[in-house]
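Novice: In this note's numbering, the protein residues as written are 4 to 258.
The C-beta atom is built at its ideal place from N, Cα and C for all residues, glycine as well.
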Amino acid sequence: MRGKRIIITGASSGIGYELLKQLRNDNKIFAVSRNIEKIEESENVKAFSCDVSVAENVDRLFEEALVFLGRIDVFFANAGFAYYEKIENPDWKHNLKIFETNVLSVLYSLQKLKEIKRGSEFTFIITASAMSYLAVPGYALYASTKFALKGFADAYRHELEKGQNLCLVYPVATLTEFFNTAHANEIPWPRQTADVVAKKIIKAVSRGKINIYPCFIFSIGLILNKIFPIFKLYHFIEGKKYKRKIENNLNLSTI
Ligand SMILES: NC(=O)c1ccc[n+]([C@@H]2O[C@H](COP(=O)([O-])OP(=O)(O)OC[C@H]3O[C@@H](n4cnc5c(N)ncnc54)[C@H](OP(=O)(O)O)[C@@H]3O)[C@@H](O)[C@H]2O)c1
Numbered sequence: 004m005r006g007k008r009i010i011i012t013g014a015s016s017g018i019g020y021e022l023l024k025q026l027r028n029d030n031k032i033f034a035v036s037r038n039i040e041k042i043e044e045s046e047n048v049k050a051f052s053c054d055v056s057v058a059e060n061v062d063r064l065f066e067e068a069l070v071f072l073g074r075i076d077v078f079f080a081n082a083g084f085a086y087y088e089k090i091e092n093p094d095w096k097h098n099l100k101i102f103e104t105n106v107l108s109v110l111y112s113l114q115k116l117k118e119i120k121r122g123s124e125f126t127f128i129i130t131a132s133a134m135s136y137l138a139v140p141g142y143a144l145y146a147s148t149k150f151a152l153k154g155f156a157d158a159y160r161h162e163l164e165k166g167q168n169l170c171l172v173y174p175v176a177t178l179t180e181f182f183n184t185a186h187a188n189e190i191p192w193p194r195q196t197a198d199v200v201a202k203k204i205i206k207a208v209s210r211g212k213i214n215i216y217p218c219f220i221f222s223i224g225l226i227l228n229k230i231f232p233i234f235k236l237y238h239f240i241e242g243k244k245y246k247r248k249i250e251n252n253l254n255l256s257t258i
């Protein structure tokens, strides 16, 4: 990926930060997150502090990005977070908060980019998750946001013009701040580092892939699952672990 004008959300940490690091030398980048102290600015990189869960902020993001970049070729919709929890009480705000960041902001940004580009080429990459296929116990709300992204993309791709690419990335557990933010006391298996995930995303996007599986084991698992229900087995094991944690009242998020 060279000479592109790129927006990356969630650029202050984890996968987004690694994407920024690996792309910054050859591209012009508008790097977005709420905390921007960690993002080193340069002639080619502008940091923009923004909570992307609010529509007006996303409007402003596009305005400022266009001033800095001149045009937008690539948008990485990567900002997101999880709750690891036991859902005890109906809580509209709690549900809304995660959907606003992980889903509504992503869909709105894609719709805005399509409107701005008026039929011309762009690539929009969404960091979905392996949990778009396999919902891990304790992550019910998070998994539902990632399932929603996949459902939207599967249908919406048919509304795009030639040269407009919508890519979804399905990372497995990645060693970032993600699990601390979720208040999870354990990281599921298999695991990858953020630099490997970012490298695989860039390579796959450059090759024109639209479904990106950074972990080889997971992509094999998806195929095997069609023959033998290994995801059911995974659920069974993870479900037992989760119940044990609840019984022992172990470190479940109560945000
Ligand atoms: N780590 C994993 O195991 C894993 C697996 C599959 C998919 N994913 C997905 O990968 C993406 C990146 O996560 P990560 O693992 O790199 O986690 P991370 O290290 O926690 O990074 C999350 C990034 O999103 C930003 N962010 C969160 N809420 C935001 C908001 N409302 N507005 C603007 N920026 C916001 C954070 O910055 P600020 O807090 O400064 O705003 C941070 O830069 C997420 O969509 C996540 O769901 C992660």
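Considering only the beta carbon of each residue, do F51 and E67 sit closer than 8 Å?
Specialist: Residue mapping note: residue 51 aligns to position 48 of the sequence shown, counting from 1. Residue mapping note: residue 67 aligns to position 64 of the sequence shown, counting from 1. Yes; because the gap between Cβ atoms is below 8 Å, this pair is in contact.
Novice: For V172, write down the residues that DSSP places opposite it in a beta bridge.
Specialist: Along the sequence shown, read from residue 1 onward, the residue named residue 172 stands at position 169. According to DSSP, V172 bridges with T130 and I215.
Novice: Does ligand 1 have even one heavy atom less than 7 Å from the beta-carbon of K16?
Specialist: Indexing the sequence shown from 1 puts residue 16 at position 13. Reading off the sequence, residue 16 comes out as Ser, not Lys. It does: the Cβ of S16 is within 7 Å (strictly closer) of some heavy atom of ligand 1.
Novice: Should T257 go down as buried or exposed, given a rule of 16 or more other Cβ atoms within 10 Å for buried?
Specialist: As a working note, residue 257 is residue 254 in the sequence shown. Caution is warranted here: a pLDDT of 42 is assigned to T257, below 50, making its placement in the model unreliable, and the coordinate value is therefore given only provisionally. So T257 counts as exposed.
Novice: Rounded to whole angstroms, what's the CA-CA distance from A197 to T126? Just pull it up for me.
Specialist: In the sequence shown, the residue the question calls residue 197 occupies position 194. In the sequence shown, the residue the question calls residue 126 occupies position 123. So the two alpha carbons sit approximately 21 Å from each other.
Novice: Closer than 7 Å to a non-hydrogen atom of ligand 1 - does that hold for the CB of V48?
Specialist: Here residue 48 corresponds to residue number 45 of the sequence shown, with the count starting at 1. For ligand 1, not one heavy atom lies less than 7 Å from the Cβ of V48.
Novice: Considering only their Cβ atoms, is the gap separating I75 from I119 smaller than 8 Å?
Specialist: Counted from its first residue, the sequence shown places residue 119 at position 116. Counted from its first residue, the sequence shown places residue 75 at position 72. Yes. Within cutoff.
Novice: Does the Cβ-Cβ distance between K56 and S108 come in under 8 Å?
Specialist: Sequence index remark: in the sequence shown, residue 56 carries index 53 (1-based). Sequence index remark: in the sequence shown, residue 108 carries index 105 (1-based). The residue asked about is misnamed: residue 56 is Ser in this sequence, not Lys. Yes, these two residues count as a Cβ contact at 8 Å.
Novice: Identify whether A50 lies in helix, strand or coil by the three-state DSSP scheme.
Specialist: Numbered from its first residue, the sequence shown carries residue 50 at position 47. Note: A50 maps to strand in three-state DSSP.
Novice: Where does the unbroken beta strand (DSSP E) through K31 begin, and where does it stop?
Specialist: If you number the sequence shown from 1, residue 31 lands on position 28. K31 to S36 is the span of the beta strand (DSSP E), which, as asked, contains K31.
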